[in-house]
Amino acid sequence: MNNGSEMRRIVTAWVIVSVIGDLLWWFLVGPHIPPGNMTESAHWNQFDFNILAVTALPVVFMVWIWLGYAVVKWRDKPGVPDPVGGEAAKASRGVQAGWITITSIVVVSAAIYGTIALIGDHGSGGGEGPNPVWAPEGAIAANNAALAGKATWSPAGSQPLVVQVIAQQWKFTYRYPAFGGMETDRLLLPVNTEVVFDVTSLDVIHDFWAYQLSVKADANPGVNNVAFADTKQQGQFMVRCDELCGIWHGAMYNSGRILSKTAFMAWATKTEAQNAQNTKYLPPFAWTYTPDANGASGGLYPDGNVTPYSPYDVYGAKQPAA
Amino acid sequence: MTISAERPTEATAGTASPAGPRSGSSWTNRPGWMSQHLGTAIVLGFLGYVFGHWWGNYLASGYTYIANNGQNGVADFLGLLFMVIGWLLGIGALNYPILKLFGREPGEETPAPGLSRYFRYTLDHKVVGMQYVVGVLLFLFTGGLLAMAIRTELLNPTVHIFNPGTYIEIVSEHGTIMMMMATSIVVGPLGNYLVPLMIGSRRMAFPRVEAFSFWIFSAGYMVIFSALFYGGFPTGWTGYAPLQNQAGPGMISYLFGFAVIGIGMMSAGFNIAVTIVNYRAPGMTWSRVPMFVWSILATASLLTLATPVLFTAGLFGLLDHLVLTSLYVNEHGGSSYLWENLFWFFGHPEVYIMALPGFGIVAEIVPVFTRKPLFAYKVAAAGMMGVALLSFFVWQHHLFQSGINPDMRPLFMLTTELISIPTGFIYLVGMGSLYRGKMRLEVPMLFCLALYFNFLIGGITGVFLSDVPVNVTVHGSFFVLSHFHYTIMGGLVFAFMAGLYYWLPKMTGRMMNKKLGLWHFWTMFVFFNLTFFPMFIIGLLGQPRRVFEYAHNLQGLNDFSSISAFCLGASFLLFFWNLMYSMIINPKKAPANPWESLGLEWQTANPVPLYNFERIPVIVTEPYRYSEPGAPAYADFGGGTGAGAGTVGSSVQE
Amino acid sequence: MTMSGRLGTVLGLFVVAVGLIIWVLMGLLTPGTPEGVVNFVGSSAAGQPVNMTIQTVGSIGFGDHPTWVSYLVKTPQGKWVHNTTWQLPANTQVNVTVLQYDSGSPLRNQQWGQVTGTTGNVASLNGTSYSTYNSYAGNGVGHTFTVPSLGLSVPLVGVNGNLSLCGVAPCTLKQPHNTITFSFKTPAKTGEYHWQCFVPCGLGYLYGNGGPMSTYGYMGGFLDVVQQ
Amino acid sequence: MTDTYKDSLTAPNETPEEREYEFRAHIGSIWTGGRLAIGMSTFLYASEAFAYFYLRTSNNSHLWRLPGQLAPLYYGWTVLICLLLMAGLANYGHRRLKKGFTNDFQVAGWTGVAAGLIALFFQIWELVVLPFYPGSSGYASTFMGFVVMNIMTIVFATYWMETTVVRALRLRKELGGANPELSSAYPARSFRANVSSMSYYMGFIAIVSIMFFLMFYVA
């Protein structure tokens, strides 16, 4: 068998397997790839995953077929000719150049596509820091209005809904500035609405992961990490902490729900009334709530700036703080 | 640093005896139990711990915060610090630096022959290499046992074997021990043993630094293990602040352990990089350097330059813990982002510290078994150096969802995906070398092929992870966990196994049993994939890392993964049995060059003499000239050992 | 040495080494595991309410960490034990009495000042019922008893910190304390439900959540709900 | 394990060419090692500088630096001057050594070591007289990190310098008597390479000291 026909065989097998694999993936597997279609970004992130998958599958098949062929055919067994030697076996300029060119093109296009998807989809549901640059229309304005205490939301309009996610060891709670700044321990959202999540933490780093919404943003103490989600379907979704936050990290989950706009409105107004007594004790809505590094009982850092400083006072005070 | 001219001093002094007249007393030479060895190290290490702990209690038990929380981290830290110092003193690692302070130059310390030299501080790179073999296997087995514990807990979504605190402790300890092990698993044993042999050198550039690196590596094992005595640490191997600052004294073991291991990594990398640059045999130009040495050079450079950043990060953490600075505490002017940046600035090069040696081993072994030259040598070398360089510019891809510099995400997405170009070179090289070869499926070759299989999955999923939109779903989930197990275990550990099966005949003069080896390979390969492939699905279905409770619908997959993991553990027992059986119980003498390799390391006498080569070889041509009848031998041994060898099989010696 | 001798030596050493490693690991890892559970199943007739009495103390006064704050529970036999895994029958009303011996402070997150998930969403403080407690007033809140997945949360109002507080558990009724009572119904679905305190009360730890808050058996545990 | 020593205790008879080849590799190692040590230290200090500028720009809780907060300036000056002196003397000594003035090298070396020890003492003592507590601000915290790092580097640099001068004292004969610069003996060549690497490293110390002095005491 000559060189050419061997390569033809391999390439033919590769093309067939790749086409079949890609088609199977795209039509059978792809639609079931998480995170599903509950939000706009979930939809596009699923699409993005599938784009990468159909790009990656041929690469995987290429290597596997090559390995398989090599193991079967290019073995040390009777009848197999001695391997080629000399310069030809050491390097082929064409193959190297081709490989480098093709991998570069694939890789750079993947990066370009990823960037387009990221920007076009307003950060794809990922945490965008305190000052998001890729925000949906009106979201920043709504978020600023919330800080000024002027947040509103009604089922009729199309205003974004601002929700604050407060992570603490080991539970998420949520504040709705449009409903009197009430705080709840359940996350309910209206459908067909742009939701602005202001994610922050009261202690260590957590990560707010609303799985089916395709929203993931680290909750950092003293930092507001903003993420967006455009809800599309009603239903239940899972919220988990995705950054190791200590002993009860594994138990830091609960479920949320996307409701119809009217049902959400009904729930929100009812809860606002129920919680009114507690809401009045809450601090005004803010991006972050600077926690006391010392916790409830203190006893770690000395309070305030100790002047004049003496190591003895800071470290070796005779009477331990109560 | 120990910069000196031991051999030249002795040479010009004109004495044949290794210990010249001006030598200081060298305790490591003394025979018997009076000398310094592992025993004295243990004793002094223990005494150091007791002293440090007492001193810490004396100093700090009255500190306000310590009186409040009732856990004296200062005592624990000082205990560990003096334990390490005592350990180094006891083994004799500090003799030379101290003597040097007084201008005394001990001669070359030739350790006593026999088994006992493996328990001593020694200047022979081959002994250090063997010590490292035992050291990394100890790390590997400890970490592996903890992995079994993790999988046991995950058998059931809500019924718990361990309480959540203990579970996090196990997870963190497993991750940290394995990461520490993986930085040295190839550079330590194989790098130290083989690099001088492969570059035709009689010695390392700084043998004392080399030996020091091993003994501080072993001290690091004790330090990180000590975390369990202090109640563990809850942060995983990434040690994110401010959870780190909140944790108890177990965290000090983690921070100090990484600092100690970091010193070991820096010194090992420093010595090896300098050796490769300077001690190559005459004629070994950069285009004639074996590919394994290239990979070790790239790794050593990363070790030397990236680890200081980890050291700083650990130092900051220790300061936060011990003297209440606030480097990682936002409320007092610090920043939790600071740790994330420093840690990953080291952490990403570290990922390649754990990948490159594997590539090197494979590129070294594949030509031997396909009887073909290495395809695209220059591309392979460029790939390794390219990966090493690019790895400094990708660290933020661990922080896509963190809110740090979110507008930089496209840039880091690009750099991360760019790094798959040089990584892809390894595949070009491997596939090109397989092309129309004459492959012998020996155990090392099987492990190499498995690396190509596994690392492909690991690498491709890495591209998924680097894509920010997809990262939103998979970040921090079991998908990531599976990805890096595919690269580190599927890549590096498989390559390490290939290296052991391939080079142990040289290192010990004994062959590994092939039949057991095949059993080991197939069980490890199959169960590795059965353990970790389901984890991609588990991750995609929404299970975060490091949780002790998960969704009920994932129990089937988790159980499958757990049971496969137990079988994978059994496969390691099989390896251990093979190692014991072939090396100790029923040793079979290995042929001088069992794989018919052209590599320089196989041309020295077996067992390898103290100075490796009778004559310094002169390299006359490129490596890997297989299947070239009439090609000259790789090296000219000038009539010394190895003369006449160096071409193989049908090749004709000219 | 003969081959069988080497075999025996290696196997023997292997067994010793593995045994040693497992012994050390288990020894280190098990002290934190719950030494059994405090079983309330069968403490009353099936379907009848279960009574449970627990206390919180500012410093437990014994054990490895005498300065740590902790929960204690009274077994159905009437003995105070330091254990936070409590076995309860499913689908049953539980009447809880909490003896709160610790002082309080303003809450970091006033959300935990609400009583939720109890029967009638109320609890009783020394006989007075309350559904929300303003933690900025009075003695503040010392701890909470919260089961997140059941939506159950009760703020445990602090006692006056100027009194001489109990420092060694178990505390007696003579020492200053608040008695908080409430009832809740265990879920029908069995399983281990995590409960914890949401007041960062770990003295001398960053954000107050280290030490006792991060160690099993002090300020958090499991409600192990089983079929009766 | 097979025994690799039994057959090899008699060291091979090196040919002069081999000896020279290995020796040149040894000199090269000192050169490379010295530069690599600078590289490592650069990454070490760069990460400290990164922390400084990171905390300074993020200014979390407005606590980068409390008003009027400054590390003890006179201590800073003393450490800086001593380190510059040490670096300068190392370079001066190196140049004098090349020209053959061994005594100048000795005097410069010992003075440099003394300067290093003084710097070390003040750097440590500065911690005792700090006018602020370490956790009071980002500045205070990074300053603590810098001081600890600097202590380690000063110890290392002074140690290196001390070993070269004490070696010059001990190995006078091997160094070629009065004129080590002329000696082609191996110890002398090795020694000169070592001093050269050391003085390069001292140059690095000087640059770093000035940079961090500006960062912590001036800016």
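Residue numbers (our numbering), protein chains in the order written: chain U, -5 to 316; chain X, 181 to 834; chain B, 140 to 367; chain Z, 185 to 403. Glycine is no exception: its CB is placed at the ideal position from the N, C-alpha and C atoms. If you're wondering where the values come from, they're calculated on a predicted model, not measured in any experiment.
Proximity below 8 angstroms, CB of residue i to CB of residue j
i	j	result
X:Phe472	X:Ile365	no
X:Ile350	X:Ile330	yes
U:Gly123	X:Gly583	yes
X:Phe676	X:Gly719	no
Z:Gly218	Z:Tyr384	yes
X:Thr484	X:Gly437	no
X:Ile599	X:Leu636	no
X:Ile796	X:Pro462	yes
X:Val623	X:Tyr681	yes
X:Thr505	Z:Gly260	no
X:Phe572	X:Pro602	no
B:Ser288	B:Val280	no
U:Gly92	U:Thr33	no
X:Thr479	X:Val567	no
U:Gly132	U:Ala204	no
X:Gly617	U:Pro75	no
X:Ile452	X:Val375	yes
Proximity winner among the options, relative to residue i (alpha-carbon distances)
i	options	result
X:Glu333	X:Phe746, X:Tyr804, X:Ile799	X:Phe746
X:His217	X:Val574, X:Leu274, X:Gln251, X:Glu353	X:Leu274
Z:Tyr401	Z:Tyr384, Z:Tyr258, Z:Gly329, Z:Asn287	Z:Tyr258
X:Asn766	X:Leu696, X:Leu778, X:Glu794, X:Val609	X:Leu696
B:Thr311	B:Val233, B:Met191, B:Tyr240, B:Phe153	B:Tyr240
Z:Tyr205	X:Arg383, X:Met378, X:Ile348	X:Arg383
Z:Ala463	Z:Ala255, Z:Trp294, Z:Thr286	An answer regarding residue 463 of chain Z cannot be provided, because it is not within the stretch 185 to 403 covered by chain Z.
B:Gly200	B:Gln226, B:Leu211, B:Thr271, B:Ser270	B:Leu211
U:Gly216	U:Tyr107, U:Ser291, U:Thr282, U:Val13	U:Thr282
Z:Asn244	Z:Leu398, Z:Gly322, Z:Met336, Z:Ile338	Z:Gly322
U:Gly121	X:Lys686, X:Thr653, X:Ala813	X:Thr653
X:Ala385	Z:Arg240, Z:Thr199, Z:Ile214	Z:Ile214
One or two residues paired with residue i in a DSSP bridge
i	result
U:Cys235	U:Phe202
B:Trp219	B:Lys213
U:Pro215	U:Ser195
U:Asp76	BP columns for U:Asp76 are empty, so no partner.
B:Pro294	B:Thr283
Rounded Cβ spacing between residue i and residue j (contact assumed at less than 8 angstroms)
i	j	result
B:Gly360	B:Gly350	With 8 angstroms as the limit, B:Gly360 and B:Gly350 do not qualify as a contact, their Cβ atoms being about 16 angstroms apart.
X:Leu279	Z:Glu346	About 13 angstroms separates the two Cβ atoms, so there is no contact after all.
X:Ile534	X:Ala362	The amino acid occupying residue 534 of chain X in the given sequence is Met; Ile does not appear at that position. That belief holds up - the Cβ atoms of X:Met534 and X:Ala362 are roughly 4 angstroms apart, short of 8 angstroms.
X:Tyr511	U:Pro285	According to the sequence provided, residue 511 of chain X is Glu. The question's Tyr does not apply to it. Indeed, because the Cβ distance is near 7 angstroms, the residues count as touching under 8 angstroms.
X:Gly642	X:Ile606	Contact doesn't hold; Cβ gap of about 13 angstroms is too wide.
U:Ile241	X:Gly345	5 angstroms
Are the region 490 to 501 of chain X and the region 522 to 531 of chain X touching, with three or more C-beta to C-beta distances below 8 angstroms?
yes
Cβ contact check for the region 539 to 554 of chain X and the region 586 to 601 of chain X: 3 or more pairs under 8 angstroms
no
I want to know whether the region 294 to 313 of chain X touches the region 322 to 329 of chain X - three or more CB-CB distances under 8 angstroms.
no
Are the region 333 to 342 of chain X and the region 637 to 656 of chain X touching, with three or more C-beta to C-beta distances below 8 angstroms?
no
With three or more beta-carbon pairs closer than 8 angstroms as the criterion, would you say the region 791 to 808 of chain X touches the region 59 to 69 of chain U?
no
Across the region 772 to 787 of chain X and the region 731 to 748 of chain X, are there enough close Cβ pairs to call them in contact, namely three or more that are closer than 8 angstroms?
no
State whether the region 316 to 326 of chain B contacts the region 224 to 242 of chain B, with contact taken as three or more CB pairs (one from each stretch) at a distance under 8 angstroms.
yes
Would you be able to state if there are at least three C-beta pairs under 8 angstroms between the region 183 to 198 of chain U and the region 220 to 233 of chain U?
yes
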